[in-house]
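Novice:
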Amino acid sequence: MSMAAVQKEPEKCWERRPFLRATISLAVKISGLTPQIDGAPNYRQAESLPVHGVAIPTIEGCRNVIKHIRGRKDGKQAQVLWFNLREEPGINRSRVEEMEARLKEDILMEAARYGNKIHVTEELPNGQMVDQWEPVSCDSVKTPVYEDLQLEGHLYDYERVPITDEKSPEEQDFDILVDRIYQTDLNTDIIFNCQMGRGRTTTGMVIATLRTNSVGRIFDFGLNVNENLPNSEEALLRGEYAVIRSLIRVLEGGVEGKKQDDKVIDKCASMQNLREAIANYRNSTLRQSDEMKREASLSFFVEYLERYYSLICFAVYIHSERDALRSSSFGHSSFADWMRARPELYSIIRRLLRRNPMGALGYASPKPSPMRIAESTDGRPHEMGVVAALRNGEVLGSQTVLKSDHCPGCQNPSLPERVDGAPNFREVPGFPVYGVANPTIDGILSVIQRIGSSKGGCPVFWHNMREEPVIYINGEPFVLREVERTI
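For the sequence shown, position 451 matches number 451 in the working numbering, and the numbering has no gaps at all.
Shown next, in the form of structure tokens:
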């Protein structure tokens, strides 16, 4: 963190923050994590990988983490890249660091009025808040903590990537993390911290581990969730929500991307498992009687599910771009550009999650029993639900239906002309420009004949503006829909 001169002076920090609260939180320290490192709550490592997470540490805690990593390397100097993911909502990195510089000045100015002491609020291990006076000096008030570690001789680099608490990283955040990580060699230990070392830190660890996987450092390892769990509740632990199923059908490589993402999530789950957290917030939303608490749980559910969605997209991206990223080629697409080139991915999350969050709470129905499957004629089950549950194609997957995409009932009665099989056909007067609803195959032929472009006529450019796969069966168009959402 740089203490370079602030170009324009922001408002005094005291005007925005009436008291100082100790950031290191003992109340959320997870006792089951090992090793316990003094001053670095919730420290953990992603198994044997050089990826670590921790709550916001004290200065001594930073040193202790580095000493611990060095100890695992037989005392050899450890090259460390430390990511701080903390952010006050809506404030970017430069703004955060500008405010920190000003905050230091404000603290020293006020301490000078009170005998070189500043009033702070500390948090006790039981979560209780207590007020006290803390002695300070110019040397004891630090924002460039990480520069001090470099001066002490540690092979230490630092990057601030502010991410809003409980939110998914933005696409440019993924790019900053990936670009910075790819500038290091494979032996560099990567450490993430936020405030409690939980959500944002775990997400950072997943991103770094997915990057490590892209250069062949992780081999196949077991997923903690049984793929054949029969219970729908347990399907939640597999992340089988409608928005996720739609994603992996539409996104090339989505099935493998989800599998890899799930493996990495489990590998980094010593403090939080993202799929379990999503399921917990879903269940809380359905069971909570207090309206405000229910809305809060639903909000967390949506944000966490969107984070899971983004991580699956990122897993596919980093696999498809791994060669260019590994060689630091200028020819690779950024994750932001890669996502923008696939607008259907935004459409899915907007349609199946953001527009109707309560509808996103559903999950896959359990697979039918052998008895129900046996109740069929010529090997065909009687019930559509049984058919949908048994589907296992990469695109025509479980819990999907094929819905007719031809809507003759949508014909606008005010249009002067009707073409069979091509509802809402119309022409721009004086121009060879036409519009039509999704037609049948016969409707397509009728339109071509109507505009005089059949055999030997003028060529036709037909632009289909649908953003989802359409397939014709016996001349009729069909699209994929979820069992729960056929509209």
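Backbone N, C-alpha and C define an ideal beta-carbon position, used for all residues, glycine too.
Return the chain-ordered list of same chain residues with a C-beta closer than 8 Å to the C-beta of V302, the five sequence neighbours on each side being excluded.
Specialist: For V302, where only same-chain residues beyond five positions count, the Cβ hits under 8 Å are L353, R354, P357 and A360.
Novice: Is A324 buried or exposed, if buried means 16 or more other CB atoms sit within 10 Å of its CB?
Specialist: Exposed is the call here.
Novice: In this structure, does DSSP put F301 in helix, strand or coil?
Specialist: Reduced to three states, the DSSP call for F301 is helix.
Novice: Going by alpha carbons, who is nearest to M196 out of F461, D189 and G39?
Specialist: Residue G39 is the option with its Cα nearest to M196.
Novice: With respect to the alpha helix (DSSP H) encompassing M339, which residues constitute its N-terminal and C-terminal limits?
Specialist: Counting along the chain, the alpha helix (DSSP H) containing M339 begins and ends at F335 to R340.
Novice: Please classify P413: does DSSP put it in a helix, a strand, or coil?
Specialist: Note: P413 maps to coil in three-state DSSP.
Novice: Which term fits S414, buried or exposed, when burial requires 16 or more other beta carbons within 10 angstroms of its beta carbon?
Specialist: It is exposed - the Cβ of S414 has fewer than 16 other Cβ atoms within 10 Å.
Novice: Could you tell me the distance, in whole angstroms, from the CA atom of V37 to the CA atom of L305?
Specialist: Position check: residue 37 holds Ile in this sequence, whereas Val was assumed. For I37 and L305, the distance between alpha carbons rounds to 32 Å.
Novice: Is the beta carbon of Y158 less than 9 Å from the beta carbon of N42?
Specialist: Going by C-beta atoms, Y158 is not nearer than 9 Å to N42.
Novice: Pull the bridge partners of S404 from the DSSP assignment, please.
Specialist: According to DSSP, S404 bridges with F478.
Novice: Output needed for E171: all residues of its chain with C-beta closer than 6 Å, excluding positions within five of it in sequence on either side, in chain order.
Specialist: The residues are F335, A336 and M339.
Novice: Consult DSSP for M196 and reduce its assignment to one of helix, strand or coil.
Specialist: Correct three-state label for M196: coil.
Novice: For Y346, name the three-state secondary structure that DSSP assigns.
Specialist: Y346 falls in the helix class under three-state DSSP.
Novice: Which one of L251, K263 and R307 has the shortest CA to CA distance from R238?
Specialist: Looking at the Cα atoms, K263 is the closest of the given residues.
Novice: Quick check: the Cα distance between R211 and N464, rounded to an integer number of angstroms?
Specialist: Rounded to whole angstroms, R211 to N464 spans 37 Å at the Cα level.
Novice: Go ahead and label D491 buried or exposed: buried means 16 or more other beta carbons lie within 10 angstroms of its beta carbon, across all protein chains shown.
Specialist: Here the chain covers residues 1 to 487 and nothing more, so residue 491 does not appear.
Novice: Could you check the C-alpha separation between L103 and Y114 for me, to the nearest Å?
Specialist: Each residue's Cα considered, the two are about 17 Å apart.
Novice: Is A55 near R198, with beta carbons less than 9 Å apart?
Specialist: Against a cut-off of 9 Å, the Cβ pair of R198 and A55 comes out as a contact.
Novice: Below 8 Å on the Cβ atoms is my contact criterion, and I expect L247 with L345 to pass it. Report the Cβ-Cβ distance as a whole number of Å.
Specialist: At roughly 7 Å, the Cβ-Cβ gap stays under 8 Å, so L247 and L345 are in contact.
Novice: If you draw a straight line from the alpha carbon of E105 to that of N187, how long is it in whole angstroms?
Specialist: Distance between the alpha carbons of E105 and N187 is about 38 Å.
Novice: Measuring only the C-alpha atoms, how far is S137 from N116?
Specialist: The straight-line gap from Cα to Cα measures roughly 7 Å.
Novice: So, at 6 Å on beta carbons, what are the nonlocal neighbours of H52 in its own chain, with the 5 sequence-adjacent residues on each side left out?
Specialist: Hits under 6 Å: Q45 and I191.
Novice: Out of R287, Q288, K258 and T34, which one is the CA nearest neighbour of L274?
Specialist: Ranking R287, Q288, K258 and T34 by Cα distance to L274 puts K258 first.
Novice: Please state if the CB of P439 and the CB of P423 are separated by a distance shorter than 9 Å.
Specialist: Contact flag set, yes.
Novice: For the beta strand (DSSP E) that L81 lies in, which residues bound it at each end?
Specialist: Start and end: V80 to N84.
Novice: Can you pull the DSSP bridge partners for Y472?
Specialist: Its beta-bridge partners are P477.
Novice: Go through its chain and collect everything with a Cβ distance to K142's Cβ below 6 Å, but skip five positions before and after it.
Specialist: Low confidence applies here, because K142 scores a pLDDT of 48, under 50, leaving its location unreliable; read the following figure in that light. Closer than 6 Å at the Cβ level, and outside the excluded window around K142, lies no residue.
Novice: Just curious, the alpha helix (DSSP H) that Y156 is in, first and last residue?
Specialist: Looking at the DSSP string, Y156 is not in any alpha helix (DSSP H); the run it does join, the beta strand (DSSP E), is Y156 to R160.
Novice: Indicate whether G488 and H406 have their beta-carbon atoms separated by less than 9 Å.
Specialist: Residue 488 is absent from the structure shown; the chain starts at 1 and stops at 487.
Novice: Have a look at the DSSP bridge pairing and note the partners of H52.
Specialist: Beta-bridge pairing links H52 to Q45 and I191.
Novice: Count the other C-beta atoms from every protein chain shown that fall within 10 angstroms of the C-beta of M99, then say buried if there are 16 or more, exposed otherwise.
Specialist: So M99 ends up on the buried side.
Novice: Decide if V161 is buried, meaning its Cβ has at least 16 other Cβ atoms within 10 Å, or exposed.
Specialist: With 16 or more other Cβ atoms within 10 Å, it is buried.
Novice: Let me know if V433 comes out buried or exposed under the rule of 16 or more other beta-carbons within 10 Å of its beta-carbon.
Specialist: Classification of V433: exposed, given that the 10 Å Cβ count is below 16.
Novice: Between which two residues does the beta strand (DSSP E) harbouring V130 extend?
Specialist: M129 to P135 is the span of the beta strand (DSSP E), which, as asked, contains V130.
Novice: Give the range of the alpha helix (DSSP H) segment to which N392 is assigned.
Specialist: N392 -> no alpha helix (DSSP H), and no H or E assigned at all.
Novice: Please name the residue in P35, Q288, S48 and L49 whose C-alpha comes closest to that of N64.
Specialist: Answer by Cα proximity: P35.
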